[in-house]
Structure formats: structure tokens, C-alpha cells
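Below is one structure, written out as C-alpha cells, with a few remarks after it.
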Amino acid sequence: MIRVDSASEFKGYDHLELNGKVTALFVDGKAVEAINAGQEAVVVLDQTPFYAESGGQVGDKGELKGVGFTFAVNDTQKYGQAIGHLGKLSAGALKVGDVVQADVDEARRARIRLNHSATHLMHAALRQVLGAHVAQKGSLVSDKVLRFDFSHNEAMKPSEIREVEDLVNAQIRRNLPIETHIMELEAAKAKGAMALFGEKYDERVRVLSMGDFSTELCGGTHATRTGDIGLFRIISESGTAAGVRRIEAVTGEGAMATVHAQSDRLNDIAHLLKGDSQNLGDKVRAVLERSRQLEKELQQLKDQAAAQESANLSSKAVDLNGVKLLVSELAGVEPKMLRTMVDDLKNQLGLPLSYWQRLLKVRFL
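Position 209, counted from 1, in the sequence shown is what this note's numbering calls 190; the numbers after and before it change by one each time, with no gaps.
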């Protein structure tokens, strides 16, 4: 387990690139003074623009670089008051005391910011649509998707999902300003800021507001205005535990990708049905009706075949001292068809119903 005595100052709200000094290095959980090319390590800086995973938001990725060395950061985590950059030194050597240029993957951070801001909008929308009992039970905000767990006792209706989605997109079109303020915890609560139940907060907290629609305590990174999100799409709603539901959604380019994928699927189906996406519903209903009609006709043919086969079998029965005996092996006969044949044979040979019931019971054991 990594223990760091020093602290790191996070400056990623205002910067995506800055210089920092290496205050500690760890390899396999043990403190070292230097690392060489090819080694995986945790690099701690005195100040950094990299956001460490917390509050459901994933850690940043990027690079730490300098003269003759490059350290690829694939995750960022908190270790007490320190921020650790997890990754691999791809070139050169790095030692405690070196100054590095810390560069966050800007495009990835931008997607995370959009997803995090959309999560706040969705939380507020859920409370409006489902009720004030909705409370956050967990979340994941990555560059690809946002996931939100919340308290609710039943699956959301399709109309409710659509209403939440429409409400969030309405706030996106309003292009509300997204603002942060540092204030006393009690003042934040008085302002109506939502806080996570059971979460411990400092006396001074960061309050994030989106116009008049959402106010929450949050230490994550966000868009500048809601309009930056572009588009919001819910891709799934499911249950994770008793009284807890989960929504997964995408924003911006990810949302457009889902729209395009859905359109492509509809066009493919329309092509198979020799129609277009505008009359797809009518085409599908016609195909289903035709399928039902064909199934009905097929069953009629099977019944006719069963009757014919029964007639053929009855002619093969022999009389042994007043008892009619029929022995035959039937391969590939469906259970329903076999029952029809047995009913026909019962009538043709005049055997009691109880006999045929015993025969069927033996046949299906």
C-alpha cells in the first residue's frame, strides 16, 4: 500500500498543462529514488493539472515529459493528500526532484466534462419526473459513458425515460451557465445544494450550479455552459438492487454515434423489408401477419399429414386373439402431431382412451 507524506496541489480546474516537481516515486508499492525506461511506476508531483479519480469521475490520462524522458499516464489516483500519476516510463530516466511538464489528454478530459455536467442535469430531471425521493446511490463518469444509480422502487416507464431525456436536452438548448463557488457547508445547504447522503464534507465546499435548474456539491470537472454538451441520450435503464435503478447515457459525439447507429439499423431493416424507414411499422406488421398466416397454413398441412399417417398405420394393425396390435417407429414426429395421430388411431381402431394415454405417457418419458 502506497503511503505519501507530502501533499499535491490540484490545478486542473484552470490548467491542462503546467510544470510540477517530482516529490515521490513508487514501484510495486515501494518508494524509489529513480526509474528507468520500461518501468511502471506511480509519480507524485507537488502540483498537477491531472484530476485524480473521485466522486465517480475517472482519473485523467496524459503525459509527464521533460528533456530526454516521457512518462505515459494511464490513470490518476489519490493517496491521502497526494495525487499519484500511474503509468510507464517510455523513454529516458526520471528521479525524485526532477521537474516535469504535465500534459492532460485534453480531448478525453473534454468528453469527461460533458458527461459529468450531463449527470447533474439528469439527476435534477429525475427528481422532477419521478419525485424528490430520488437520491444518488453511485455514479461513474468516464469519457465514453455516464452511469448513474439512484433510489427508485420500480422500473422507469418508457414515457418517463423519454421525459427525462427531453428535459435534459431542453436545459442543454437553454445554454445555461455552469458556475462554481466555494462557500461554507451550511450556506451551501441553505442555497439548496444537494449533497450525497453519508458523504463527509469539509467546512468549505465547492458548489456547482447550472442556471436555475441544478445546484449540487461537486469537486469534479465540468463544461462551461450546458450548451457545450450538445446532445444527451439515455441508452439503458435497469435495476441493480432492491430499490435502486441504474441509467447509462451518452453525450455529444457519443450521443450522435448512437443516433447514427440506430438510423443505420432501421435502414438495414427497411432494406430487408423492401421499404423505407418512414413506413417501417406498417411493413413489420404486414410481415408478422403474413408469418401468422403461414404458421396457420403449416399447421393445417401437418394435421392433414398426421391424419394420412394415422390411416396408413391403422391398416398395419394385426388382430391377436381379439386384441389389435400395432407396432411402429416414428422418427422426427413433433409431440403435437403425435397426439393428433394417436387420437385418429384411437377412433379408427376403437381402443379405449386410457390405453392411449398410457401409450403417450410412455412415449414422452
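We put the beta carbon where it would ideally sit given N, CA and C, even for glycine. Fair warning: this is a prediction, and the values are worked out from it, not measured in the lab.
Inter-stretch contact at 8 Å, needing at least 3 Cβ pairs: the region 74 to 84 / the region 25 to 39: yes
Span of the alpha helix (DSSP H) around GLU144: 139 to 155
Sequence-distant residues of its chain with Cβ nearer than 7 Å to GLY47 (five each side left out): ASP79, VAL80, VAL81 and GLN82
Continuous alpha helix (DSSP H) assignments of at least 4 residues falling wholly in the region 61 to 118: 87 to 111
Residue from ILE163, GLY(-7), ARG320 and THR4 whose Cα sits closest to the Cα of VAL(-15): THR4
8 Å Cβ cutoff met for LYS125 and GLY235: yes
C-alpha gap between PRO158 and ARG94, whole angstroms: 14 Å
Three-way DSSP call (helix, strand, coil) for GLN338 in this model: Because the pLDDT of GLN338 is 49, which lies under 50, any placement of that residue in the model is unreliable, and the question is left without a value.
Short Cβ contact (8 Å threshold) for ALA251 with ASP257: yes
Pairwise C-alpha distance: TYR(-6) and ARG143: 33 Å
Assumed close pair GLU165, GLU180 - CB separation to whole angstroms, cut-off 8 Å: Not really, about 16 Å apart at Cβ, beyond 8 Å.
Endpoints, the alpha helix (DSSP H) within which ALA242 is located: 233 to 253
Entirely enclosed beta strand (DSSP E) segments - the region 5 to 31, minimum 3 residues: 11 to 13, 15 to 17 and 21 to 26
Straight-line Cα distance separating LEU(-3) from GLU87: 7 Å
Meets three-Cβ-pair contact criterion under 8 Å: the region 103 to 115 and the region 59 to 66: no
Exposure of ASN0, with buried meaning 16 or more beta-carbon neighbours within 10 Å: exposed
Range covered by the alpha helix (DSSP H) that runs through ARG180: Reading the sequence as shown, one finds Glu at residue 180 and not Arg. From DSSP, GLU180 is part of no alpha helix (DSSP H); its letter is neither H nor E.
Counterpart residues of LYS59 in DSSP-defined beta bridges: ILE64
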